[in-house]
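Heads up: the sequence shown is residues 1 to 168, going by the numbering used here.
Positions of the beta carbon are idealized from the N, C-alpha and C atoms, including for glycine.
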Amino acid sequence: MPLPHWTSENVLPPGRHPADLSDIYERFVWDAPHRNEREILFSALSGYLGVVGRLIPSGRAWIGGGITTRMEGVPQDVDVVLIPDDWGSLKRLGGPARAALYGLLTLRGVIAEQPVMYLEQVQPVGGLLDGYLCHPGDEEAWAEAWSSVRGPYGPIDGMVKGFAEMTW
Numbered sequence: 001m002p003l004p005h006w007t008s009e010n011v012l013p014p015g016r017h018p019a020d021l022s023d024i025y026e027r028f029v030w031d032a033p034h035r036n037e038r039e040i041l042f043s044a045l046s047g048y049l050g051v052v053g054r055l056i057p058s059g060r061a062w063i064g065g066g067i068t069t070r071m072e073g074v075p076q077d078v079d080v081v082l083i084p085d086d087w088g089s090l091k092r093l094g095g096p097a098r099a100a101l102y103g104l105l106t107l108r109g110v111i112a113e114q115p116v117m118y119l120e121q122v123q124p125v126g127g128l129l130d131g132y133l134c135h136p137g138d139e140e141a142w143a144e145a146w147s148s149v150r151g152p153y154g155p156i157d158g159m160v161k162g163f164a165e166m167t168w
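Below, the structure written as structure tokens:
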């Protein structure tokens, strides 16, 4: 089922909209400004979700952020929150798979050794994507965050948007 058309405010209608990668490409790349920049973000998203599917047996990914609007500004990254169907499967991940999962998540306030450095934020896919993991029971908070519309100075009061939901 294709994603709904843009509203007069250049956002998706409020709500969670089922989509697959071709739906996301059609609405968020083909039918939006700055197609070249969005193409790069879409490629990052596609590769990211491929790795996610190898580590997490089944779940949902909510796609949000600037790429889910048709605003004139160039989107800087794609926002993704992962909602595993079986949280226990993540707890059972072994060393290399667990490390790979952590590599898919945006980390803040990281201290690295050899050489020692403090990193304000570490993002997957070279900073093209923000990846988060939704803990059980936190879905409502994530839905609220993914529905907010941000302008250059923070959230725009009273404006809400929809977001895409992919399942695997």
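Look at D23 here: in three-state DSSP terms it is helix.
Apart from the 5 residues on each side of it in sequence, T7 sits with its Cβ closer than 6 Å to the Cβ of P13 in its chain, given in chain order. Residues F42 of the same chain have their beta carbon placed closer than 7 Å to that of Y25, with the five preceding and five following residues left out of the count. Positions of the beta strand (DSSP E) runs, each at least 3 residues long and wholly inside the segment 17-67, are given as 59-64 in order along the chain.
Closest in C-alpha terms to G15, from the list L49, L55, G162 and V52, comes G162.
Around the CB of T167, fewer than 16 other CB atoms lie within 10 Å, so the residue is classed as exposed.
Apart from sequence neighbours up to five positions away, the residues of its chain that approach A32 with a beta-carbon distance below 7 Å are R38 and R70, ordered along the chain.
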